[in-house]
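Asker: Sharing a structure, written as C-alpha cells. Questions coming.
If you want it as C-alpha cells, here you go:
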C-alpha cells in the first residue's frame, strides 16, 4: 500500500517537471527578446523618413537660417540612407551648414570625407572650396600663429590646380593672395623684432624669405628697405647698396626708398646693384602686391 501510494505520487511531479522544462525555454527566450530594444521593427520604421523628405527639410532649414537643424537633417539622410544619391548630396550640404554655423572643424571633416568617397563628382570642387573657406575664416592676426593661413593657401591652390575651370577658382585665388600676404606679414613682424634687438643675421633671414617666397605681396617694399638697414648695420655695404638699388628700380617713388637712399648717403654711399647678389636675382621676380 505504501509503495503504491508513493508510486502514484511521483507521476504528477514528473508531469509538472516536464511541462516546466518545455515552458521555461520559451519564457527565457521571450524575456531576452523583450530586453532587446533594437528588434522593434515597427518603431524603427516609424523613426526612419524617406531620404528626399529629410533632404528637403534640411534645405528648408538651411534657407531659414536654422543651421543646426539643417545639419541634423543632412546627417540623418547619411545615417538612414547611406550611399544613396541623397546621402551624397547631404554630405556636402551638411558641410556647408556647419561652415555657415561656424563649426569649422566639423565642416572640414565632412568635406574631406566627401572628397574621399566621391573625388570625381561635380560637387568635389565645392567640397574642397568649403575646406578652404573654413581655414580662411580662422586666419588670425599676424602677431599670432599663421597655421590656418598656410592651410588656406594649400587647400585653395589644390582647388585651382585640380579644378581650373571651377566657378570657385576666382575667389580661391583672392583667398590665396590674402593668406599669402598674411604669411609675409608674419615674417616681417618677426624680422622687425630681430632688427630692433640688433640680431641682424636673424632679421636678414626673415626679410629674405619675404622677397624670395612672397615676392608678389605688399611687404616686399619694406623688406628691401629693412635689408638695406640690416646689411648696412652688419657692414655688408655691397649687399646694402644692392637692396637699395632693387628697391629703387621697383618702387622709385617709395618713402622706403628715400629712407634707404638717405641711410647710404650718410656714409657717402649710393644705391648700386650687384648682379651676382641673391637680392638682384630675386628682384627680377618682384611683381608687387
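Residue numbers (mature numbering (1 follows the signal peptide of the UniProt record, and there is no 0)): -30 to -1, 1 to 259. Ideal placement from N, C-alpha and C gives every residue a C-beta, glycine not left out. Please read these numbers as outputs of a predicted model, since none were measured by experiment.
(1) In angstroms, rounded to a whole number, what distance separates the CA positions of residue 168 and residue 154?
(2) Restricting to runs no shorter than 4 residues, where is the alpha helix (DSSP H) found entirely within the segment 39 to 98?
(3) Considering only residues of the same chain and omitting the five flanking positions on each side of residue 5, which have a CB-CB separation below 8 Å?
(4) Would the beta-carbon of residue 145 fall within 8 Å of that of residue 122?
(5) Under the rule that 16 or more other beta-carbon atoms within 10 Å means buried, what is residue 157, buried or exposed?
(6) How about residue 138 and residue 88: are their beta carbons less than 8 Å apart?
(7) Leaving out the 5 sequence neighbours to the left and right, which residues in its chain are closer than 8 Å to residue 57 when beta-carbon positions are compared?
(8) Once the 5 residues before and after residue -1 are set aside, which same chain residues still bring their CB inside 7 Å of it?
(9) Ends of the alpha helix (DSSP H) at residue 191?
(10) Considering only residues of the same chain and omitting the five flanking positions on each side of residue 78, which have a CB-CB separation below 6 Å?
(11) Could you check what DSSP says for residue 274 in three-state terms: helix, strand or coil?
(12) Measuring alpha carbon to alpha carbon, tell me which of 29, 180, 63, 195 ends up nearest residue 218.
(13) Would you kindly work out how many angstroms separate the C-alpha atoms of residue 120 and residue 237, rounded to a whole number?
(14) Just reading off the alpha helix (DSSP H) that residue 147 is part of, what are its end residues?
(15) I'd like to know if the segment 197 to 205 and the segment 170 to 184 are in contact, where contact means that at least 3 CB-CB pairs between them fall below 8 Å.
(16) By alpha-carbon positions, which one of 133, 210, 96 ends up nearest to residue 232?
Answerer: So, from the data block:
(1) 21 Å
(2) 55 to 70, 74 to 87
(3) Note that residue 5 scores a pLDDT of 44, beneath 50, so its modelled location is shaky; the value from the coordinates is reported in the next line. Excluding residues within five positions, none has a Cβ falling inside 8 Å.
(4) yes
(5) buried
(6) no
(7) 21, 47, 48, 51
(8) Confidence in residue -1 is poor, its pLDDT being 43 and thus under 50, which makes the residue's placement too unreliable to answer from.
(9) 190 to 204
(10) 101, 104
(11) Because residue 274 is not part of the residues shown, which for the chain are -30 to 259, the question remains open.
(12) 195
(13) 41 Å
(14) 139 to 166
(15) yes
(16) 210
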